[in-house]
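Enquirer: One structure, as structure tokens, below. Some questions next.
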Ligand SMILES: [Zn+2]
């Protein structure tokens, strides 16, 4: 089996423009106020998970969201962010389990591990499809995601499956390029985690070194390659400075080896993946258009 990455889109998300891209110089709290005040919606953007096929097994990176997100009572009434600041649409057949079955893959038997980049609801919503599968997630950020602080900032631990006990990993492996630490997922070292904090503390990205090209499964470290190239930090970041340092590290990594950047909500990601289009930094003086 050669190494292959396949997108799995679990529906769509719309968000405020101020969430997609925050204002330079604004702190984490100010950015959230900007989202509340903003009247401009952007999207819909895909909610992407990824299937990584590797000789040592198949990995699923993030699980997308669930059709239950649109069911009365699923989102907590006391947290207006979920209902007023973001719109999620997932059909039952778009959930990751159905799509894997459609690809002839049994989530219970054919997946070596599910890997979570972080614990936001649109990455954990499909966990119900994996009760018999090893689930790996970053240790940093897990306790917070389970706490009240997590519930007010994009996590729905009250909707996690009762069996959910992820194998928590520390990124205590060797440095890789601009990333000071890593964590291998395969014995051959071609699939590994790197720290990409900012969007949330403890956020990780999954790096897959394929044949002559590397895939960078960015989670929400950046919402889109254009944002990465322009150094634009999102509006929900827990730490704008850490987010910017992460964007610079990703760009530096992609300057060192041909890399296809695959964020979880970039509509152009699947096309770049199919075309093998690697990241090219912005040319000095070039104008980067702001997506509508
Ligand atoms: Zn997120």
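Residue numbers (the numbering used here): 239 to 530.
Ideal Cβ positions, reconstructed from N, Cα and C, are used throughout, including at glycine.
Predicted, not measured: the structure shown is a model, and the values here were computed from it.
1) Between the Cα of residue 416 and those of 361, 478, 467, 483, spot the shortest distance and give me the residue it belongs to.
2) Indicate whether residue 376 and residue 407 have their beta-carbon atoms separated by less than 8 angstroms.
3) On a CA-only basis, which of 340, 489, 446, 356 is nearest residue 246? Give me that one, please.
4) If we require 4 or more residues per run, which alpha helix (DSSP H) segments fall completely within the region 277-344?
5) Ligand 1 heavy atoms versus the CB of residue 358: any closer than 7 angstroms?
6) Residue 390 and residue 317 - do their beta-carbons sit closer together than 8 angstroms?
7) So what does DSSP say about residue 479, is it helix, strand or coil?
8) Using the Cβ count rule (16 or more neighbours within 10 Å means buried), how would you classify residue 467?
9) By the three-class DSSP mapping on this structure, what secondary structure does residue 530 have?
10) Would you check whether ligand 1 has a heavy atom nearer than 7 angstroms to the C-beta of residue 458?
11) What residues are listed by DSSP as bridge partners for residue 406?
12) Between the alpha carbons of residue 298 and residue 405, how many angstroms are there, rounded?
13) Around the C-beta of residue 476, are 16 or more other C-beta atoms found within 10 angstroms, so that it is buried, or is it exposed?
14) Between the region 487-496 and the region 274-286, do at least 3 Cβ pairs fall closer than 8 angstroms?
15) Is any heavy atom in ligand 1 found nearer than 7 angstroms to the beta carbon of residue 392?
16) Does the count of Cβ pairs from the region 444-454 and the region 360-367 closer than 8 angstroms reach three?
17) For the alpha helix (DSSP H) that residue 452 lies in, which residues bound it at each end?
18) Leaving out five residues before and five after residue 343 in sequence, what residues of the same chain have Cβ atoms less than 8 angstroms from its Cβ?
19) Ligand 1 and residue 437: does the residue's C-beta get closer than 7 angstroms to at least one heavy atom of that ligand?
20) Between the Cα of residue 456 and the Cα atoms of 263, 292, 486, which residue gives the shortest distance?
21) Going by C-alpha to C-alpha distance, which of 382, 351, 357, 381 sits closest to residue 374?
22) Keeping to the same chain, check which residues put their C-beta closer than 6 angstroms to that of residue 382; ignore five residues upstream and five downstream.
23) Run through the DSSP bridge pairs and tell me what residue 246 is partnered with.
24) Under the DSSP definition of a beta bridge, which residues are partnered with residue 433?
25) Out of 369, 284, 301, 314, state which residue places its alpha-carbon closest to the alpha-carbon of residue 327.
26) I'd like to confirm the pairing. Which residues does DSSP put opposite residue 497 in its beta bridges?
27) Give me whichever residues DSSP pairs with residue 411 in a beta bridge.
28) Expressed to the nearest angstrom, what Euclidean distance is found between the alpha-carbon atoms of residue 254 and residue 272?
29) Could you pull the start and end residues of the alpha helix (DSSP H) that residue 346 belongs to?
30) Tell me the DSSP bridge mates of residue 252?
Expert: Answer, in terms of the structure:
1) 483
2) yes
3) 340
4) 334-340
5) yes
6) yes
7) helix
8) buried
9) Residue placement at residue 530 cannot be trusted, given a pLDDT of 46 that sits under 50; the coordinates are not used to answer.
10) yes
11) 375
12) 14 angstroms
13) buried
14) no
15) yes
16) no
17) Note, residue 452: premise wrong, no alpha helix (DSSP H); beta strand (DSSP E) at 452-457.
18) 289, 296, 349
19) yes
20) 486
21) 351
22) 388
23) 287
24) 442
25) 284
26) 452
27) 420
28) 9 angstroms
29) Counting along the chain, residue 346 falls outside any alpha helix (DSSP H), and DSSP gives it neither H nor E.
30) 325
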